[in-house]
Amino acid sequence: MVSNIEFFSNVATATLADASTALGLNLIMDGPRPVVPESYPHFAGPAATLVFAPIQGPRKAPYSLYDVVDNIPEGAVAVVAAAGSPLAAWGSGASGVCSRRGVVAAVIDGATRDVEEIRDLKFPVFCKSVWSLAFPRKLEVIAKDTSVTCCGVQVEPGDVVVGDIDGVAVIPQTFLEEVRHQVDRIHDIEKEVKRRVANGETMANLFPILAKKFTTD
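Per the working numbering: the sequence shown = residues 1 to 217.
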């Protein structure tokens with residue numbers, strides 16, 4: 001049987017969005033966009049999570065971003081919960097280390113910077129904004145390898161994160177089989193639609209078939 005990572009490496013986020021609708025799940029992140037759209041491949045990997053929060057008082061943060069980045073496993077996707085802060089919680093340094101270590105992508109619920117350097121690295125970074133002002137003295141890493149909310153979606157460590165030019169999806173480990181089954185169903189429907197389009201079918205005739213993508217039967 002094909003592994004979950006291999007399977008979802010070949011599934012578009014648009015297909016996962018349709019599966020999300022059919023199954024009544026919240027799989028699609030709200031807002032993160034690729035920093036360098038033209039150079040990014042499709043990616044999939046298990047989530048490795050970290051959490052930023054505003055600095056409260058003089059206490060020392062339990063983690064540094066750099067210590068956390070140095071320990072993200074090969075093949076994982078860094079999922080950074082920064083509560084939508086406009087400050088850059090990511091940049092070329094973290095991207096470079098992740099790229100060298102074999103981390104497949106980073107998704108930030110907030111901002112990043114160093115776009116030109118990230119373009120040169122060809123490391124997939126998805127974020128909600130770009131800003132040159134960085135997080136030190138304002139934000140700190142307070143947790144890692146924990147349940148987070150990133151761009152409106154709950155993410156547990158190990159959940160499968162999928163990204164492409166259209167956006168980012170998260171498949172919970174508890175729903176992997178259901179989502180895979182629905183994806184296979186959607187792919188079959190889309191093959192039928194393409195066949196009918198090639199044979200000259202109208203949109204009016206195709207609509208009832210397309211509508212089946214958003215149901216489970």
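Even glycine gets a Cβ: it sits at the ideal position worked out from N, Cα and C.
Here's the rule I'm using: 16 or more other beta-carbon atoms within 10 Å means buried, otherwise exposed. How should Lys60 be labelled? That one is exposed.
Please report how far the alpha carbon of Gly163 lies from the alpha carbon of Lys138, in whole angstroms. Cα to Cα, Gly163 sits roughly 29 Å from Lys138.
Between the beta-carbon of Glu178 and the beta-carbon of Leu23, is there less than 8 Å?
-> A contact, by the Cβ cut-off of 8 Å.
Give me, in chain order, the residues of the same chain whose beta-carbon lies closer than 6 Å to that of Ala17; leave out the 5 immediate sequence neighbours on both sides. For Ala17, where only same-chain residues beyond five positions count, the Cβ hits under 6 Å are Ile28.
Exercise for the section: Let me know the secondary structure DSSP gives Cys98 once reduced to three states. Expected result: When secondary structure is reduced to three states using DSSP, Cys98 falls in the helix class.
Q.
Quick check: the Cα distance between Leu176 and Asn4, rounded to an integer number of angstroms?
A. Straight-line Cα distance between these residues: approximately 8 Å.
request  = Consult DSSP for Ile186 and reduce its assignment to one of helix, strand or coil.
outcome  = Helix.
- Query: What is the DSSP secondary structure of Ala61, reduced to helix, strand or coil?
  - Reply: Coil at Ala61, not helix or strand.
Practice task
Verify whether the separation of the beta carbon atoms of Ala82 and Ile118 is less than 8 Å.
Solution key: Inclusion of Ala82 and Ile118 in the CB contact set at 8 Å is not warranted, their separation being larger than that value.
_Rounded separation between Gly110 and Ile186 - CA only_ = Rounded to the nearest angstrom, the two C-alpha atoms are 32 Å apart.
Pairwise C-alpha distance: Asn205 and Val69
Taking the straight line from one Cα to the other gives about 51 Å.
Practice problem: With a 10 Å radius around its C-beta and 16 neighbouring C-beta atoms as the bar for buried, classify Lys213 as buried or exposed. | Solution: With 16 or more other Cβ atoms from the protein chains shown falling within 10 Å of its own Cβ, Lys213 counts as buried.
Self-check item: Cβ-Cβ distance between Val104 and Thr112 below 8 Å
Solution: Taking 8 Å as the Cβ cut-off, Val104 and Thr112 do not qualify as a contacting pair.
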